[in-house]
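> Pasting a structure here, questions to come.
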Amino acid sequence: MKKISFLFVAVLCVALFSGWASADARSELALDLKQELLMQNKQAGNPLTAQEVEEFASFLTEPRAETRQTPSIEVGLYDSPGPATDRSIPLGDRIPLILVHGSSSDIISDGEYGRELNDLERWIDYIRAFNADAEFYSRYKVYRFVYNSELGIEQNGANLVTVLDTLPSYPGWETENLDGENFVILAHSMGGLVTRAAMNITFTAGIDAGQYLGDHVLNLLTLGTPHRGSPLAIPAWAYDSVKRGAMMSETEFNFAYVQHYGFVPTDGEFDLAWDNYDDAVPQTDIITYQSLLIPVLREVGGTRAQHEESVFSPYAGALNADDLYTAKLILYKAQNPPAGHVDSLLDLSFYYFLGTLNEHHLLGFTSNKLADMIAGDIGEGGLKPYGDNDGLVPAASAVFDGELVSSVDVFDNCDHLSLVDNSAVVTDVKNMLISIGMPE
């Protein structure tokens, strides 16, 4: 069976999780996917009929709605019914627990790929566990912070501080005042970076004016957060890997990675760029070979400044250099995705026709390909250091390699989304929260 590059797969997964471009672009993508499937199907002995190939290619490229939560534009806190999460129940002497979602989780679920409807920015399994545990809700009141993940991480961090600082000014929260409170924060993926940015910003109102949010955070628990960023958020580096790996043609790259099928040139996306602590970004290649930057700029979109910043001065690098609160981090990493056996479009099609295709299959698929990212410049060897990943985030990033943190917990046979929907993970994290909230 033909080997597909990690880049094709990663972009396909991003595209499947999000919306699509124009009808003409979808038509072109469907045609290319159909050809890829036909080739794989033939090599496997034609397990799919021609009609099934057509159907699956069309399914992969059909447009999907992206409806964002209302406060994602205005910024705000959400609650839900239950003894841990209902805003009408006074905080009392409990600890405020803030949940901060990951990238694109402010998009309301449409039920595709097994994602539960009304999943509360993917926090639904945690919310159920919190509301079912009297010991937990006797110690915590839970607030969900919703933000627009297309905005820059620093801006969303500042918005979080503003919301906590001036909560009574927000409709529905007039009687809720968190001034002077100490918090525990649980964050998934990008949400961990948003929170770390917020922790290094000062309050401007109330009795804690002039104090950093981080001084009021007992612990920040992060689930698969890319603390060192992600190679996939540097389009020029991805392009360099494709050129050097000889696993996908430039034409395939241009159709798969660009044309806004996958990487969207928003501030939030670029802020996820790898911090290059390991000198893996091929900076010399990108400077020397203009072909590595100019086509990416032309095809991916965004500004030259955004692309150059992602290569030479990534946001994560600045955040990591100045962070005052890394010792308060409790990190959770997933490894060996349960669907790691899914290694081709044809494999995905089998789950589709069984009616069981879900996001975990897509992440297992991506995990196999992310390992093909080539580090360093031409002439420095063909090192591929990101084989240990959760389908989206390299292990070194999730565990904040090289930094002193409070603790790291590893979940085997899990992927990036298992960290928010696996019952064993949820229970472990809940128990950690209970231990943090115990009276001294």
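The sequence shown maps to residues -23 to -1, 1 to 417 in mature numbering (1 follows the signal peptide of the UniProt record, and there is no 0).
Ideal placement from N, C-alpha and C gives every residue a C-beta, glycine not left out.
Whole-angstrom Cβ separation of PRO291 and ASP252, contact assumed at under 8 angstroms?
5 angstroms
> Looking at the unbroken alpha helix (DSSP H) that takes in ASN297, where does it start and where does it end?
292 to 299
> Quick one: is SER321 buried, meaning 16 or more other Cβ sit within 10 Å of its Cβ, or exposed?
So SER321 ends up on the buried side.
> Does DSSP put GLY53 in a helix, in a strand, or in coil?
In the displayed model, GLY53 falls within a strand according to three-state DSSP.
> Taking C-beta to C-beta, are TYR329 and PHE122 nearer than 8 angstroms?
no
> So what does DSSP say about VAL241, is it helix, strand or coil?
coil
> What does DSSP give as the partner residues of SER207 in its beta bridges?
ALA250
> Can you give me the C-alpha to C-alpha distance between ALA21 and LYS11, rounded to a whole angstrom?
15 angstroms
> What separation, rounded to the nearest whole angstrom, lies between the Cα atoms of ASN390 and ASP185?
43 angstroms
> Using the beta-carbon count (16 or more within 10 Å), is LYS407 buried or exposed?
That one is buried.
> To which residues of the same chain is PHE232 closer than 6 angstroms at the C-beta, ignoring the five residues directly before and after it?
For PHE232, the predicted structure reports a pLDDT of 38, less than 50, and the residue's modelled location is therefore unreliable. A value from the coordinates is still provided. For PHE232, where only same-chain residues beyond five positions count, the Cβ hits under 6 angstroms are ASP9.
> Can you have a look at ALA223 and say buried or exposed, based on whether 16 or more other CB atoms are within 10 angstroms of its CB?
In this prediction, ALA223 has a pLDDT of 43, which is less than 50 and means its spatial position is unreliable; nothing more can be read from the coordinates.
> Give me the Cα-Cα distance between VAL288 and ILE351, rounded to the nearest whole angstrom.
15 angstroms
> What does the alpha-carbon distance come out to for the pair SER226 and LYS220?
Unreliable positioning characterises SER226 in this predicted model, as indicated by a pLDDT of 48, which lies under 50. The coordinate reading is nonetheless provided below. Whole-angstrom Cα-Cα distance: 8 angstroms.
> Whose CA, out of SER207, GLU158, VAL140 and TRP150, lies closest to the CA of ASP365?
SER207
> Excluding five sequence neighbours on each side, which residues of the same chain lie with their C-beta closer than 6 angstroms to the C-beta of LYS(-21)?
Interpretation of LYS(-21) is limited by its pLDDT of 42, a score under 50 that renders its predicted location unreliable; the figure taken from the coordinates is listed afterwards. Here the set comprises nothing.
> Please classify MET415 as buried or exposed, where buried requires at least 16 neighbouring CB atoms within 10 angstroms.
exposed
> Looking at ASP96 and SER86, is the spacing between their C-beta atoms short of 8 angstroms?
In this structure, ASP96 lies closer than 8 angstroms to SER86 by Cβ.
> Going by CA-CA distance only, name the one from ASP386, LEU340, GLY359 and GLY91 that's closest to VAL370.
LEU340
> Measuring alpha carbon to alpha carbon, tell me which residue in ASP56, LEU323, ASP324 and GLU98 is nearest THR44.
GLU98
> What is the DSSP secondary structure of ASP255, reduced to helix, strand or coil?
Of the three classes helix, strand and coil, the one that applies to ASP255 here is coil, per DSSP.
> Look at ASP300 and ARG116 and say whether their C-beta atoms are less than 8 angstroms apart.
no
> Does the distance from the CB of HIS204 to the CB of VAL397 come in under 8 angstroms?
Not a contact, by the Cβ cut-off of 8 angstroms.
> Excluding five sequence neighbours on each side, which residues of the same chain lie with their C-beta closer than 6 angstroms to the C-beta of ALA375?
GLY201 and LYS310
> Quick test of your reading: LEU137 and VAL171, contact by CB under 8 angstroms. State the CB separation rounded to the nearest angstrom.
6 angstroms
> Since HIS337 is in the alpha helix (DSSP H), which residue starts that stretch and which ends it?
Unbroken alpha helix (DSSP H) run through HIS337: 336 to 347.
> Since ILE104 and THR62 are thought to touch, with beta carbons under 8 angstroms apart, how far apart are those beta carbons, to the nearest angstrom?
6 angstroms
> Taking the beta carbon of GLU417 as the centre, do at least 16 other beta carbons fall within 10 Å, making it buried, or is it exposed?
exposed
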